[in-house]
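Chains A, B, C and D supply the protein sequences, listed in that same order.
So that you can map any letter, position 38 of the first sequence is 38 in this note's numbering, and since no number is skipped, the others follow by simple counting.
So that you can map any letter, position 266 of the second sequence is 266 in this note's numbering, and since no number is skipped, the others follow by simple counting.
So that you can map any letter, position 323 of the third sequence is 323 in this note's numbering, and since no number is skipped, the others follow by simple counting.
So that you can map any letter, position 9 of the fourth sequence is 9 in this note's numbering, and since no number is skipped, the others follow by simple counting.
Every residue gets a Cβ at the ideal spot worked out from N, C-alpha and C, and that includes glycine.
Note that the structure is a prediction, hence the values are computed from the model and not measured.
First comes the structure, then the notes that go with it.
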Amino acid sequence: MSSIVLVLIAIGVLAAGGIPACLQSSRSSAGQKISTALTIIGGGTGLYALVLSFGESTHATISEPWFLPFGRFAVAIDPLSVVFLALVFVVPVLGSIYGLGYWKQAEHPKNGQKLGFFYGLLAGSMGLVSIARDGVLFLIAWEIMALAAFFAATVEEENPEVRYAGWVYLIATHIGTLCLFAMFALWERGTGSFALEAAVSGTVPAAGAIFVLAVIGFGFKAGLMPLHVWLPGAHANAPSHVSAVMSGVMLKMGIYGILRMTSLLPVTAPWWGGTLLAVGAITGLAGIAFAIGQTDLKRLLAYSSIENIGVITMGIGLALLGRGAGRWEWILLGLGGALFHVWNHGLFKSLLFLNSGSIIHAVGTRNIEELGGLSKKLPTTAALFLIGAVAISALPPLNGFASEWLLYLGLFDTLGLDGKTALGGAAIAVPALAMIGALAVACFVKLFATVFLGASRSERIEHAHESGPAMLFPMIFLAGVCATIGFFPSLVLLPIENAVRVWAAPLSQQTTLGSLVSFNWVSTLGIVLVIMLGLIFTLLRFLAATRSNRAHGTWDCGYARPTNRMQYTGTSFVQSIVDLFFFILWPKRGKDTVRGVFPERAEFKTSVPDAVLDRLALPVFKLAERYAPNIRFFQQGQTHFYILYVFIITIVLLGIGAMGVNP
Amino acid sequence: MIDNLIHAALLLFLPPLLLGVINKTKSWFGGRNGPRALQPYYDIAKLLRKGFVLSDTTTWIFRFGPAVTLATVILAGFLIPFGRFDAPVAFTGDLILFAYLFGLARFFTTAAALDTGSAFEGMGAAREATFAVLSEPALFFAFLTLAKLSGSLTLTKMLHSSMEAFSPETAAPLVLIVLGLFVVLLAETCRIPVDDPNTHLELTMIHEVMVLDHGGPLLGIILYASSIKMFVLGAVVINVISPFNTGSTAIDWAVFVSQMLALAVVIGVLESIMARLRMRRVPYLLVSALLLCGSGFLLLVR
Amino acid sequence: MMAYLLILLPLAAAALALAIPSNRLRPWLLPPIAATHTVLLGIVLARPELAKVSEELVLDPMGKVVLASISVLFLLCSFYSVGYLKYRDERSNRVFVACLLAFLGLISLVAWSHHLGLMWVAIEGTTLVSAPLIYFKHSKLSIEATWKYLLVGSVGIALALLGTFFLAYSSMRNGMEATLALSDLLARGPSLSKRWLHASFILLLVGYGTKMGLAPMHTWKPDAYGEAPGVVGAILAGGVTSGAFLALTRAYQICVASGEGAFSSRLLMFMGLFSIAVAGLFMIGQKDFKRMLAYSSVEHMGILALGLGIGGPALFATVLHVVTNSMTKGALFLSAGNIHRSFASKNTDTVSGAIRRLPLSGSIFLAGFLAITGSPPFGPFISEFGILNGAFSSGHFLAAGLFLFFLLVVFIGMGRTVLKVTQGEVPENLAETSYKDDFLMAAPTLAFLLIALILGLYIPEPARQLLADAAALLENRL
Amino acid sequence: MIHVLNALLVIVLVMNLFTLGTSRILSVIRIVGTQGAVIGIIPLLMHEHLTIPSVVASAAAIILKSIVIPNIMVKALRDAEIKREIEPLIGFLPSILLGAAATAVSLLISNRMAMTEAHAATLIIATAIATVFIGFIILTTRVKALSQVLGYLMLENGIYIFSLLLVEAIPLVVEMGMLLDLFVSIFVISIITNHINQAFASMDTRNLSSLKE
């Protein structure tokens, strides 16, 4: 059986995954188990099919006329799809397993089945998106994905906050979809069909417009600034394994869309790449800056997703520049880095979201300022979270570093080293990336330390408990993969490189990623680092064993009665950084009301709302809502006026008509 | 091979001496006799002989921090060429690894500091994290400039060829990034005017306040690690400006060591004649370092 | 023969309904008649030779499409009405049933007639028989709604009559007799007097536009749809409007035939975009979800007009939109009716959590919203996207852009209301009502949604052929 | 012949203005009825050789418009126990002027639009358009339900006048259908007005404005 058929089967199984649970009683956990089993089967089949597709010389394709007036049923797997399908077949499966412990059907009789159904639909539709080769089919799959995500994320719609988040998401995704309508319409106009195949004639009319519409339309889903407005709320309010899938995979569908369209559009104007590079850098910086300001565990993670999308977009921008300038290295390093980061982010961000699920499950709040010292209660979760945090901060020796490293090399290469043509401006992205890196470190130190380290800031964590195996296994798995890829990046280079070659088909050259970057050194040094750590730790252990040791309270610098509440909070930890970036963040600050020698009880509030949503979009909507109803005056209930309208419009139309005719 | 061994030996054993030299210089400036130059070695040895005193708030992260710091700085040390001699480990893109190793160290030192749950250590960690946000880009601007000059992406080549590529039009960029790098060095190693290593309870400290709760062997490791860090970053600065290449191995090593000591003296002098900046001002200093490196780069590629 | 059956059978049944004494049995007259009508129509569709009785009575592809969708709509609504009338047993449904049946007969006549005068008579007839339907509740408000419906509707339709006469007059060139037979008019196309043709097209646009509910002649619509029972709303929004649109297409055909396509396109696109815009603005912050549906109907009439105006590549989708719209509207109005009954209110201040109280109707209402706003995989997506695509491929970029923007406004305005109705908890202080989703009222609603869904995934070849013929017919390429 | 025709049409025009001028609804009913009768006679004058259908058609029109409908209206008027249109939205004199202006405009238009000399000579097009205009004026300025119905009737009259130009185009069936529609609509409307009168205890349609945004 050819890989494409298998993939279709796998997608079908994933999509139908939730149905068995719906047929069971609303409290039976059996249905949920069956659904998970189905999901596992689907994922397994899919992965097997992907492996199969490597063997196939030509890209497996199905293209049949179907029962709709437009388009065809055209699907195909090429290496580019494979990269994204891999995520689709892994993350949702793990999430579903996680759900067994996190969202027990028995505990959620009201919405468990609904969640299961739309979760499966979401997974399946994402699979279809990444193999669709026809505009109409793509749109259908795309919108099913968007709506399934909406319903899966708003299962707890009895909560107004969730409803609001869902509403914002719905508007955002709809704007995106409308842009895609326009884009595919233009594409059809330019190429004469909806088929997503490279334009036969060398040029596509209005390619620029198509590109812009694609960036906006897909950007809404991917979460490019300032189109990210829906992202934090939706991710924060969705069940955590849904957040994991949305952030880990669904955002990447936006990236996929941009890549697919750019690969199809023949000639790329030089400004395309520049735009994406700039947008990516801005998205990355702003995203991580906003993340630092958050106190809501999942909102923070959501913003950091925006940052990573920014990094990925920078890679795409570099690759486009490479296509413009005909520089294979830039394409290879830029897009290679981007795709590699797509995978890595999919892995460690899912890990972190699942992790946050365990935390919420244990303490029942998303507000990190109420937490602290959790690692004593949840040691395993803490260790896994640490791995995720180090990985997402792009620190060696984990996978985040490997992908950003490629991107760095590509950007450095735009300097025009050893005599090749240079592209000075692009290199400015390097320090930007460095700053993103430093901010990420600060951000995740804040998160990790505030949640897991120090002493508890509220009694919430008294009854906190470690998660069960169903929830731990997926996290351990993800952490393991992160580490493996981090230490041995060369393992995964091949599929990525194939994808790059497909994307930039005409420019593809012999040079391979392996020849451009020496990942062996990274592996070696990573191992050396671990060994050194081992040595130092054994040394410490030896010292500890041979000395007389004492335990003691944290030194209070002589202050008599320190309390846990006196710890440095996450907010105060990042206050100086937030002040540094006030021009992007516009933080809300209350006045500090400490007055006089013996001050009264004083309080001070500060928070970082979303600049675009809360300070730009919302006011605009408010205005529209206030002034749009004024038009209602015309529907004032007097029949006389209604008849007058009929009369007037007749006259007006006669006028318009007369304009056309020449007597 | 032999050079690599010397490299390792210097990396592992020389750094504390720099601290000693700095202190010696400062006390000499202060008209005091001061501790002997080898004092830091004794301090570290003494600390390693003590027992552990651990806060019961802390977890394994608290002990992990110093270990990671030490491991990373040593690893970083092997990526940097000393004098005209190539680094033991050199490969395309090692500069990024070099920078990110320090990032890794920062991650765990700050985490360890926050692990104590003490407000003071929190402050220190916060400042460390904040200043890095400015010093990292500065460092990368410098790297960009050097890469452009040398046309290579390995630290060894980049740092060596800076002088070979010296010419009237590269002079200005070089001067700018050297200044920038020097500020970064001071900030990263917590010297005046950014930080004052002598005091421990001043709430305006960065590094020293982060390690407030580390004692005994852990403190020893931290002391050792930070001296190595200074040595490594110092080596970077020295390499950028050092034109010497006599050809004879022995002389060149001697030259390198003397240059490092000279750098220590310079730092000592600076610390004696300058006052520490107000904490609010430090960002300005770092921003200016960023601008120095940035403009250096722009001058070059314009 | 078939023609007369399709037209007269329902009319006869209407007379019978007036005769039947029992208020409880009478509604059961509806389903069999409707079913027969559908079956007969099926036969006509299957056997083309039946589709032409005389020059005046022809069921051309366009008529087939419209009548087919109306027949299905009516069939499902007839089941629903049985349930509804059982629920509202206290009122006499004599007139109601009779008018429903009469409506079916008259609308069939509209579809068949190729004589513009005859067609006008039939359409005016549908106006008159639907008035009592709106008036069914006999409340003060329903009186007011009916009055506005009648007055505005009659004035509009009168203008349509004037337009029809103008058309006839325009054909009185070089000694030829005036005519209103469609075939003659099409044949004489080029020789028609431009001036009178323009005037008549405008009057027809305004007149039949009033029946369709194009802004600004839509003013009766929210009142009528708001006060009428949900099933009547479905029939008006899905049936009457389609009939009026059919009439408009005749005028369009004639314009095209006389080489004045550009003229009619300009006006149609203007009216279409204007209607979509007005509908969108009125939907923002609309608290009454039945009035909101009325505005949605205005919007979709606008879309039809726009599609017709764009012409060429958009025509197929426009014809398809007639069908998809009426099916989706059926689902929306019927589910809205159920929610209205169950909450005894149609105001979002008091209605929320419909999905919790009426799982089926609530979900259908939500899904119907997604469908009508053009989300795949529902039918309206295909048609709306097709129209948009046509706008782009025929180079009407400005129109396309505005269309997209207004669609967004509509989505936001409508979504706010629909989500308020469907999501959330049911207010505690809300009185329990006797209504629960029962088979007769829930099943047809679901059926509508399923049809809308199927149309988005699978359009069988004969249907596609029929639509294509209709599209070709509109440009007289058949 | 044509002079008689024009004379009749002039009478129609005068009647239009008169309806605008009077406030007594009863007299308006009468005028509109008479107008219907006059218009009904015209086809008999226009055609030298009378065909059965045309005779039947005009007979039906005359009966309906000058007898049946006026009676329905008068009955409704009695039930409503109102005599006058008290405060129209636009005063009587202004509306007369408006009507006159409308008539003038329609005369101008018709001369430009007429297609054959014969038609240009007659006042048919002018009268038709003018009557339609004035129907609109009444519909939009009078507040009593009944007055609005009368406005609608005048509208119909105007259209009917225009149809005199193209008898051939309209088969008897259609003509009858149109008259039937007219009858039914007036019938239904009068029922509604009756209900309005009962429900609101007045014919003032300004009370019917509770349905609005």
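Notebook entry, point to check: Name the chain D residues that come within less than 7 Å of G125/C, Cβ to Cβ?
Noted result: As a first step, residue 125/C is located in the third sequence; it is residue number 125 there, counting from the start. By Cβ distance, chain D contributes D181.
Notebook entry, point to check: What is the rounded straight-line gap between the Cα of L204/C and the Cα of A185/A?
Noted result: Within the third sequence, the letter at position 204 stands for residue 204/C. Within the first sequence, the letter at position 185 stands for residue 185/A. Spanning the two alpha carbons is a distance of roughly 32 Å.
Notebook entry, point to check: Counting only beta-carbon atoms, is V311/A nearer than 9 Å to chain B?
Noted result: Residue mapping note: residue 311/A aligns to position 311 of the first sequence, counting from 1. For V311/A, the answer is no, since every Cβ of chain B falls outside 9 Å of its Cβ.
Check: Is it true that the segment 136-152 of chain D meets the segment 194-208 of chain D, where meeting means three or more beta-carbon pairs spaced less than 8 Å apart?
Finding: yes
Notebook entry, point to check: Residues of chain B with CB under 7 Å from Q567/A, in chain order?
Noted result: By one-based count along the first sequence, residue 567/A stands at place 567. Under the 7 Å cutoff, chain B gives G117, A119 and G122.
Margin query: Can you check whether the C-beta of V323/C is within less than 9 Å of a C-beta belonging to chain A?
Written below: Here the question's residue 323/C lines up with position 323 in the third sequence. Taking Cβ atoms only, chain A never reaches closer than 9 Å to V323/C, which makes this a no.
Check: Under the rule that 16 or more other beta-carbon atoms within 10 Å means buried, what is M1/C, buried or exposed?
Finding: In the third sequence, counting from the first residue as 1, residue 1/C sits at position 1. Burial call: exposed.
Next item on the list: Closer than 8 Å by beta-carbon distance: list the chain C residues that pair up with A102/D, in chain order.
Entry: Along the fourth sequence, one-based indexing puts residue 102/D at 102. Those within 8 Å of A102/D in chain C number zero; the least Cβ separation is about 15 Å.
Next item on the list: Spell out whether any CB of chain A is found under 9 Å from the CB atom of L20/D.
Entry: Counting from 1 along the fourth sequence, the entry for residue 20/D is found at position 20. L20/D does not count as touching chain A.
Margin query: Taking DSSP's pairing of strands, which residues face A84/D in a bridge?
Written below: In the fourth sequence, residue 84/D corresponds to position 84, counting from 1. According to the sequence provided, residue 84/D is Arg. The question's Ala does not apply to it. Its beta-bridge partners are R24/D.
Margin query: For E81/C, tell me which candidate among R464/C, A399/C, A234/C and G280/C has the shortest Cα-Cα distance.
Written below: Mapped onto the third sequence, residue 81/C falls at position 81. Checking the displayed sequence, the identity of residue 81/C turns out to be Ser instead of Glu. Nearest option by C-alpha distance: A234/C.
Check: Could you give the distance in angstroms between the alpha-carbon of L109/C and the alpha-carbon of V155/C?
Finding: The sequence position of residue 109/C within the third sequence is 109, counting from 1. The sequence position of residue 155/C within the third sequence is 155, counting from 1. L109/C and V155/C have their C-alpha atoms roughly 22 Å apart.
Checklist line | Contacting positions in the segment 179-193 of chain C - beta carbon closer than 7 Å to chain D | finding: If the cut-off is 7 Å between Cβ atoms, the segment 179-193 of chain C has T179, L180 and S193 near chain D.
Notebook entry, point to check: So does L17/B have its beta carbon nearer than 8 Å to some heavy atom of the ligand SAH?
Noted result: The model on display carries no ligand, and the ligand SAH is accordingly not part of it.
Check: Can you tell which of R163/A, I175/A and V212/A has the C-alpha that lies nearest to the C-alpha of W187/A?
Finding: Here residue 187/A is taken as the residue at index 187 of the first sequence, counted from 1. Ranking R163/A, I175/A and V212/A by Cα distance to W187/A puts V212/A first.
Note to self: Given this structure, state the Cα-to-Cα distance separating G219/A from P226/A, to the nearest angstrom.
What the structure shows: The count along the first sequence starts at 1 and reaches residue 219/A at position 219. The count along the first sequence starts at 1 and reaches residue 226/A at position 226. Roughly 9 Å between the two C-alpha positions.
Next item on the list: Report yes if the C-beta distance between K377/A and G570/A is below 9 Å; otherwise report no.
Entry: Here the question's residue 377/A lines up with position 377 in the first sequence. Here the question's residue 570/A lines up with position 570 in the first sequence. Contact flag unset, no.
Check: Which two residues bound the contiguous alpha helix (DSSP H) that contains L493/A?
Finding: In the first sequence, residue 493/A corresponds to position 493, counting from 1. Residues L493 to W503.
Next item on the list: Can you tell me which of the three DSSP states E156/A falls into?
Entry: Numbered from its first residue, the first sequence carries residue 156/A at position 156. E156/A falls in the coil class under three-state DSSP.
Notebook entry, point to check: For chain A, is any of its Cβ atoms less than 9 Å away from the one on P376/C?
Noted result: Here residue 376/C is taken as the residue at index 376 of the third sequence, counted from 1. Chain A, which has a Cβ nearer than 9 Å to the Cβ of P376/C, makes this yes.
Margin query: Taking CB distances under 9 Å as the criterion, tell me whether L644/A reaches chain D.
Written below: Sequence index remark: in the first sequence, residue 644/A carries index 644 (1-based). True, the Cβ-Cβ gap to chain D drops below 9 Å.
Check: Just checking, does the segment 273-286 of chain A make contact with the segment 366-377 of chain A on the three C-beta pairs under 8 Å criterion?
Finding: As far as the Cβ criterion goes, the segment 273-286 of chain A does not touch the segment 366-377 of chain A, which means the pair count is below three.
Check: Taking the DSSP output, what are the residues bridged to E55/C?
Finding: As a first step, residue 55/C must be located in the third sequence, where it is residue number 55. According to DSSP, E55/C bridges with nothing at all.
Next item on the list: Output yes if chain A places a C-beta closer than 9 Å to the C-beta of S209/D; else output no.
Entry: Against the fourth sequence, residue 209/D aligns to sequence position 209. Yes, S209/D counts as interfacial toward chain A.
Next item on the list: Have a look at F140/B and Q509/A and give me their C-alpha separation to the nearest angstrom.
Entry: What you label residue 140/B is simply residue 140 of the second sequence in a count that begins at 1. What you label residue 509/A is simply residue 509 of the first sequence in a count that begins at 1. Looking at the two C-alpha atoms, the distance is approximately 30 Å.
Item checked: Close beta carbons around D79/D, own chain, < 7 Å, minus the five adjacent residues each side -> By 1-based counting over the fourth sequence, the position of residue 79/D is 79. Cβ within range, chain order: N194 and N197.
Checklist line | Close-in-space but distant-in-sequence residues of the same chain around L186/C (CB under 7 Å, 5 per side omitted) | finding: Here residue 186/C refers to the residue found at position 186 of the third sequence. Only Q253, I254, A257 and N476 meet the Cβ criterion.
Checklist line | Limits of the beta strand (DSSP E) - the one that I62/A falls within | finding: Looking up residue 62/A in the first sequence gives position 62. Counting along the chain, the beta strand (DSSP E) containing I62/A begins and ends at T61 to P65.
Next item on the list: Using beta-carbon positions only, say whether Y458/C and F67/A come within less than 9 Å of one another.
Entry: On the third sequence, position 458 is the one that residue 458/C refers to. On the first sequence, position 67 is the one that residue 67/A refers to. The answer is yes: Cβ separation under 9 Å.
Notebook entry, point to check: Name the chain C residues that come within less than 7 Å of I140/A, Cβ to Cβ?
Noted result: Taking the first residue of the first sequence as 1, we reach residue 140/A at position 140. The answer, in chain order, is P376 and P377.
Check: For the beta strand (DSSP E) that V93/A lies in, which residues bound it at each end?
Finding: Taking the first sequence and counting its residues from 1, one reaches residue 93/A at position 93. Not the beta strand (DSSP E): V93/A falls in the alpha helix (DSSP H), residues P79 to Y102.
Notebook entry, point to check: Within the 9 Å Cβ cut-off, does P171/D reach chain C?
Noted result: Here the question's residue 171/D lines up with position 171 in the fourth sequence. Taking 9 Å as the CB threshold, P171/D lines the interface with chain C.
Checklist line | Pairwise C-alpha distance: I96/B and W405/A | finding: Translated into the one-based positions of the first sequence, residue 405/A becomes position 405. Translated into the one-based positions of the second sequence, residue 96/B becomes position 96. In a straight line, the C-alpha of W405/A is about 7 Å away from that of I96/B.
Margin query: For D181/D, list the residues DSSP reports as bridge partners.
Written below: Here residue 181/D refers to the residue found at position 181 when the fourth sequence is read from its first residue. For D181/D, which the question treats as bridged, DSSP gives no partner whatsoever.
Next item on the list: Given a cut-off of 9 Å, decide if I577/A and A442/A are closer than it, judged by their beta-carbon atoms.
Entry: The residue labelled residue 442/A in the question sits at position 442 within the first sequence. The residue labelled residue 577/A in the question sits at position 577 within the first sequence. Yes. Within cutoff.
Next item on the list: Taking only beta-carbon positions, decide if L121/A is within less than 9 Å of chain C.
Entry: Taking the first sequence and counting its residues from 1, one reaches residue 121/A at position 121. Output row for L121/A: interface = no.
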